[in-house]
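**Q** So the sequence shown is residues 1 to 329, counted in UniProt numbering. The C-beta atom is built at its ideal place from N, Cα and C for all residues, glycine as well. Nothing here was measured: the structure is a model prediction, and the numbers come from that model.
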Amino acid sequence: LLHLQPWISAWAHPCGDLTVSCQSDTTGNHSEATEFILSGLTDCPELQVPLFGVFLLIYVVYGITLVGNGGMIFLITIDPRLHTPMYFFLSNLSFCDLCYSSIISPKMLQNFLAERKSISYTACAVQLYLSVLFADVECFLLAVMAYDRYVFCKQLVAGVYAVGFVDSLIQTCFTFRLSFCSSNIIDHFFCDIPPLLAISCSDTRINEILMFAIMCCTGVGSLVTVLLSYVYIISTILQIRFVEGRRKAFSTCTFHLTAVVLFFCTLLFMYLRPTLNYSMDTDKVASVFYTLVIPMLNPLVYSLRNTEVKDALRKAMNKLLTNFHSVLV
């Protein structure tokens with residue numbers, strides 16, 4: 001994406017070079033932001049000590065996310081029994097969660113320890129672009145996973161990424177065409193659209209309409225598709241004669257549905273509310289769920305409760321221990 005940065009900057013910034021000042025015909029000279037300050041989870045000094053515990057927790061969560069999603073991709077790659085459409089989608093979901101968390105968590109952890117929590121203009125644009133991209137990809141992946149028996153699953157995934165690339169590029173360009181001459185302090189722990197619109201001194205109505213329309217298509221459309229597939233799944237489960245089999249199927253379905261609903265509800269809550277109802281403190285809590293918690297839970301919910309994945313993990317561990325033992329001997 002590095003080759004896109006100059007293009008994004010030139011397209012998105014109405015004054016060309018990021019380091020120059022913009023002129024306002026009505027209010028005089030205003031210096032455009034060349035960097036932003038991320039306020040983090042809170043800017044209250046008295047909460048910094050308790051937040052160190054939160055820092056450690058996020059560090060652990062990020063570690064679990066890396067191990068869980070990276071491990072899933074590794075298992076699905078090396079085990080031929082997992083080379084099926086369902087696990088192909090799951091490996092892409094793990095890749096998406098891994099990237100999504102890695103876009104936000106490292107900078108967030110760095111800012112916990114930094115005295116000045118700054119992010120450059122270009123880095124903020126890139127972070128916004130990638131976060132929108134992988135949020136879109138996850139929405140569409142959860143929807144197309146309902147059709148994992150189709151032969152053209154690779155084409156479906158390619159289409160998902162293509163739509164995500166286009167949507168994130170549109171939203172990033174529209175966001176960074178705005179002027180940020182009144183404040184450069186983002187009341188959030190990463191560069192997201194609502195807090196950036198909140199500090200812009202430009203008219204943001206077009207951006208708000210665009211964000212609402214895209215979220216209706218992406219979020220609501222994907223959620224409806226997923227819920228329809230679960231209606232079919234539940235109706236199939238109800239036809240199972242054995243009580244124990246029906247109970248296990250319902251248990252797995254409940255875990256899956258909970259993760260899906262939690263992800264979509266936080267996204268829709270964040271981006272479908274009227275601008276006047278935005279509360280950044282509430283948005284930060286919602287953002288923690290879909291940027292940190294959900295990527296950590298997905299490998300557990302979708303895969304590690306699966307017998308085939310457990311067998312593949314056991315086989316990989318036995319092979320690793322055997323190789324390690326042979327090296328020692």
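Looking at the unbroken alpha helix (DSSP H) that takes in residue 208, where does it start and where does it end?
**A** As a first step, residue 208 is located in the sequence shown; it is residue number 208 there, counting from the start. Here the alpha helix (DSSP H) through residue 208 covers 205-215.
**Q** Between the Cα of residue 35 and those of 70, 133, 63 and 190, spot the shortest distance and give me the residue it belongs to.
**A** By 1-based counting over the sequence shown, the position of residue 35 is 35. The shortest C-alpha separation from residue 35 is found at 190.
**Q** Starting from residue 41, trace the alpha helix (DSSP H) both ways and give me its first and last residue.
**A** Start at 1 with the first residue of the sequence shown, and residue 41 comes out as number 41. No alpha helix (DSSP H) contains residue 41, which DSSP labels as neither H nor E.
**Q** I believe residue 100 touches residue 295 by the beta-carbon criterion, under 8 Å. Please report the beta-carbon distance rounded to the nearest angstrom.
**A** The sequence position of residue 100 within the sequence shown is 100, counting from 1. The sequence position of residue 295 within the sequence shown is 295, counting from 1. That pair is a contact at about 6 Å.
**Q** Do you know how far the Cα of residue 263 is from the Cα of residue 222?
**A** Here residue 222 corresponds to residue number 222 of the sequence shown, with the count starting at 1. Here residue 263 corresponds to residue number 263 of the sequence shown, with the count starting at 1. Approximately 11 Å, taken between the alpha carbons.
**Q** Is it right to say residue 40 is buried, meaning 16 or more other beta carbons lie within 10 angstroms of its own, or is it exposed?
**A** Taking the first residue of the sequence shown as position 1, residue 40 is located at position 40. Residue 40 is buried by the Cβ-count criterion.
**Q** Where does the unbroken alpha helix (DSSP H) through residue 183 begin, and where does it stop?
**A** As a working note, residue 183 is residue 183 in the sequence shown. Where residue 183 is concerned, there is no enclosing alpha helix (DSSP H), given that its DSSP letter is neither H nor E.
**Q** Jot down the residue ranges of each uninterrupted beta strand (DSSP E) in the region 39-126, minimum 3 residues, whole runs only, in chain order.
**A** If we require 3 residues or more, the beta strand (DSSP E) runs fully inside the region 39-126 come out as 118-120.
**Q** Out of curiosity, what's the CA-to-CA distance linking residue 331 and residue 97?
**A** Nothing about residue 331 can be reported from this structure: the residues present for the chain run from 1 to 329 only.
**Q** What does DSSP give as the partner residue(s) for residue 35 in the beta ladder?
**A** Here residue 35 corresponds to residue number 35 of the sequence shown, with the count starting at 1. Paired residues: 120.
**Q** Could you compute how far the alpha carbon of residue 136 sits from the alpha carbon of residue 74?
**A** Sequence index remark: in the sequence shown, residue 136 carries index 136 (1-based). Sequence index remark: in the sequence shown, residue 74 carries index 74 (1-based). C-alpha separation (whole angstroms): 24 Å.
**Q** Give the range of the alpha helix (DSSP H) segment to which residue 282 is assigned.
**A** Your numbering for residue 282 matches position 282 in the sequence shown. Start and end: 280-288.
**Q** Around the Cβ of residue 171, are there at least 16 other Cβ atoms within 10 angstroms (buried) or fewer (exposed)?
**A** Against the sequence shown, residue 171 aligns to sequence position 171. The residue is buried, with at least 16 neighbouring Cβ atoms inside 10 Å.
**Q** Helix, strand or coil for residue 306 per DSSP?
**A** By one-based count along the sequence shown, residue 306 stands at place 306. If DSSP states are grouped into helix, strand and coil, residue 306 belongs with coil.
**Q** Could you tell me the distance, in whole angstroms, from the CA atom of residue 327 to the CA atom of residue 318?
**A** Taking the first residue of the sequence shown as 1, we reach residue 327 at position 327. Taking the first residue of the sequence shown as 1, we reach residue 318 at position 318. Spanning the two alpha carbons is a distance of roughly 14 Å.
**Q** What is the DSSP secondary structure of residue 170, reduced to helix, strand or coil?
**A** Looking up residue 170 in the sequence shown gives position 170. Looking at residue 170 - three-state DSSP - the assignment turns out to be helix.
**Q** Give me the Cα-Cα distance between residue 37 and residue 181, rounded to the nearest whole angstrom.
**A** Counting from 1 along the sequence shown, the entry for residue 37 is found at position 37. Counting from 1 along the sequence shown, the entry for residue 181 is found at position 181. Straight-line Cα distance between these residues: approximately 14 Å.
**Q** Which residues mark the beginning and the end of the alpha helix (DSSP H) in which residue 261 is found?
**A** Taking the first residue of the sequence shown as 1, we reach residue 261 at position 261. Start and end: 243-271.
**Q** Can you grab the Cα-Cα spacing for the pair residue 179 / residue 199, in whole Å?
**A** Against the sequence shown, residue 179 aligns to sequence position 179. Against the sequence shown, residue 199 aligns to sequence position 199. Going by the C-alpha atoms only, they are around 9 Å apart.
**Q** What whole-angstrom Cβ distance do residue 153 and residue 95 have, given they're in contact under 8 Å?
**A** In the sequence shown, counting from the first residue as 1, residue 153 sits at position 153. In the sequence shown, counting from the first residue as 1, residue 95 sits at position 95. No, residue 153 and residue 95 are not in contact; Cβ-Cβ is about 15 Å, not under 8 Å.
**Q** Here's the rule: buried if 16 or more other CB atoms are within 10 angstroms of the residue's CB, otherwise exposed. What is residue 78?
**A** Within the sequence shown, the letter at position 78 stands for residue 78. By the neighbour-count rule (16 or more Cβ atoms within 10 Å), residue 78 is not buried but exposed.
**Q** Inspect the beta-carbon positions of residue 112 and residue 55 and report whether they are closer than 8 Å.
**A** Translated into positions along the sequence shown, residue 112 becomes position 112. Translated into positions along the sequence shown, residue 55 becomes position 55. By the CB criterion at 8 Å, residue 112 and residue 55 fall inside the cutoff.
**Q** On the three-state DSSP scale, how would you describe residue 294?
**A** Within the sequence shown, numbered from 1, the residue matching residue 294 stands at position 294. Note: residue 294 maps to helix in three-state DSSP.
**Q** Is it the case that the region 255-273 contacts the region 201-221, given that we only count it when at least three CB pairs across the two stretches are under 8 Å?
**A** The region 201-221 makes contact with the region 255-273: 3 or more CB pairs, one atom from each, lie closer than 8 Å.
**Q** Starting from the Cα of residue 58, find the closest Cα among 320, 288, 301 and 308 and give me that residue.
**A** Position 58 of the sequence shown, counting from 1, holds the residue named residue 58. Of the candidates 320, 288, 301 and 308, the one whose C-alpha sits nearest the C-alpha of residue 58 is 288.
**Q** At the level of alpha carbons, what is the spacing between residue 156 and residue 146?
**A** For the purposes of this step, residue 156 is taken as the residue at position 156 of the sequence shown. For the purposes of this step, residue 146 is taken as the residue at position 146 of the sequence shown. Distance between the alpha carbons of residue 156 and residue 146: 11 Å.
**Q** Which whole-angstrom value is the C-beta distance of residue 188 and residue 315, which I expect to be below 8 Å?
**A** For the purposes of this step, residue 188 is taken as the residue at position 188 of the sequence shown. For the purposes of this step, residue 315 is taken as the residue at position 315 of the sequence shown. At roughly 43 Å, the Cβ-Cβ gap does not stay under 8 Å, so residue 188 and residue 315 are not in contact.
**Q** Contact defined as beta carbons within less than 8 Å: I believe residue 232 pairs with residue 253. What is the distance between those atoms, to the nearest angstrom?
**A** For the purposes of this step, residue 232 is identified with residue 232 of the sequence shown, where counting begins at 1. For the purposes of this step, residue 253 is identified with residue 253 of the sequence shown, where counting begins at 1. Actually they do not touch by this definition, with Cβ atoms about 11 Å apart.
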